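Asker: So the protein lines, in turn, are chains G and F.
Counting in our numbering, the first sequence runs from 9 upward without gaps.
Counting in our numbering, the second sequence runs from 52 upward without gaps.
Here a beta-carbon is modelled for each residue, glycine too, at the ideal position from N, C-alpha and C.
As the structure is a computational prediction, the values presented were derived from the model and not from experiment.
Quick one: the structure is below, questions incoming.
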Amino acid sequence: DGGITQSPKYLFRKEGQNVTLSCEQNLNHDAMYWYRQDPGQGLRLIYYSQIVNDFQKGDIAEGYSVSREKKESFPLTVTSAQKNPTAFYLCASSRTGHQDNYGYTFGSGTRLTVV
Amino acid sequence: QKEVEQNSGPLSVPEGAIASLNCTYSDRGSQSFFWYRQYSGKSPELIMFIYSNGDKEDGRFTAQLNKASQYVSLLIRDSQPSDSATYLCAVNLYPGANSKLTFGKGITLSVRP
């Protein structure tokens, strides 16, 4: 079955540490997205990519970095510059040019906690 | 700044009642609109999308779109306890080459048995 896989499900980060969240999809979707969700804040866009080797900043990109070397993969690195990283991170994908009509498919999420 | 607002909530209805969830958006050029359901601790799942004015029905769910007034709503008929979740409205505020969805903060619905 096609879908999006996020790993790990839970992640603990120490102060000053960089961590990488994995997102892999086998839906043959061109576009991929990273959102952050905090209680009462809804989903806020961190980064998105419409095509391999290209990505754009979203509304809250500071302290995060991404890469898109393969169509199937869009890993997110939470750097030590992100001062409040504790949140639920969601990866999503869609067909380019069709997300207007079909929306996104989401992964199951990664819950990151600073310890 | 272009926005999607869901200001009402939390919402509590008795089992069997109609739940009405509302959403407004700031950009008249928006063309596509989505409702996602999110259970506690889980990721959002798409339940409805609409892009033409009027009503769109799917089982117990009806999405209503009024582009002139810039609002989209979701009606849930015969509400069940299993409908208890947070409902997120999403709008494509930037149609075109860098298309992406903007989400509202969500409305939490509780259906009382």
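When the Cα of L97/F is compared with those of E80/G, R119/G and Y112/G, which residue comes out closest?
Answerer: Y112/G
Asker: Taking only beta-carbon atoms, is G10/G less than 7 Å away from chain F?
Answerer: no
Asker: Establish whether the CB of P61/F and some CB of chain G are separated by less than 7 Å.
Answerer: No, no contact with chain G.
Asker: Nearest CA to the CA of R103/G: which residue from Q45/G, E77/G, A39/G and T118/G?
Answerer: Out of Q45/G, E77/G, A39/G and T118/G, A39/G has the C-alpha closest to the C-alpha of R103/G.
Asker: Taking contact to mean at least 3 C-beta pairs separated by less than 8 Å, is the stretch 68 to 78 of chain G in contact with the stretch 40 to 56 of chain G?
Answerer: yes
Asker: Taking Cβ positions only, does K53/F come closer than 7 Å to chain G?
Answerer: no
Asker: Helix, strand or coil for P132/F? Go by DSSP, reduced to three states.
Answerer: helix
Asker: Quick one: Cα of Q33/G to Cα of S81/F, how far?
Answerer: Near 28 Å, if we compare the C-alpha coordinates of S81/F and Q33/G.
Asker: With the cut-off set at 7 Å, would you say V55/F and F84/F are in Cβ contact?
Answerer: Their beta carbons are not under 7 Å apart, which means V55/F does not touch F84/F by this criterion.
Asker: Rounded to whole angstroms, what's the CA-CA distance from K79/G to S130/F? Just pull it up for me.
Answerer: 40 Å
Asker: What residues in its chain sit with their C-beta under 7 Å from that of L98/G, if we drop five residues either side in the sequence?
Answerer: Y43, Q45, L51, F114, G115 and G117
Asker: Find the residues of chain G that neighbour L139/F, judging by a C-beta separation of less than 9 Å, and give them in chain order.
Answerer: G50 and L51
Asker: Kindly list, in the order they appear in chain F, the residues whose Cβ is closer than 7 Å to that of S30/G.
Answerer: Result: empty, since nearest Cβ-Cβ is about 15 Å, beyond 7 Å.
Asker: Near V142/F, which residues of its chain fall below 6 Å by C-beta distance, leaving aside the five closest residues on each side in sequence?
Answerer: V55, Y76, S81, F84 and T153
Asker: Is there a C-beta anywhere in chain F that falls below 7 Å from the one on F63/G?
Answerer: no
Asker: On the premise that T137/F lies in contact with G110/F, defined as a C-beta separation below 8 Å, what is that separation, rounded to the nearest angstrom?
Answerer: About 20 Å; that fails the 8 Å criterion.
Asker: With which residues is V123/F paired in a DSSP beta bridge?
Answerer: C74/F and L116/F
Asker: By the three-class DSSP mapping on this structure, what secondary structure does K107/F have?
Answerer: strand
Asker: Can you look up F82/G in the DSSP assignment and give me helix, strand or coil?
Answerer: Of the three classes helix, strand and coil, the one that applies to F82/G here is coil, per DSSP.
Asker: Using DSSP with H/G/I as helix, E/B as strand and the rest coil, what is T113/G?
Answerer: strand
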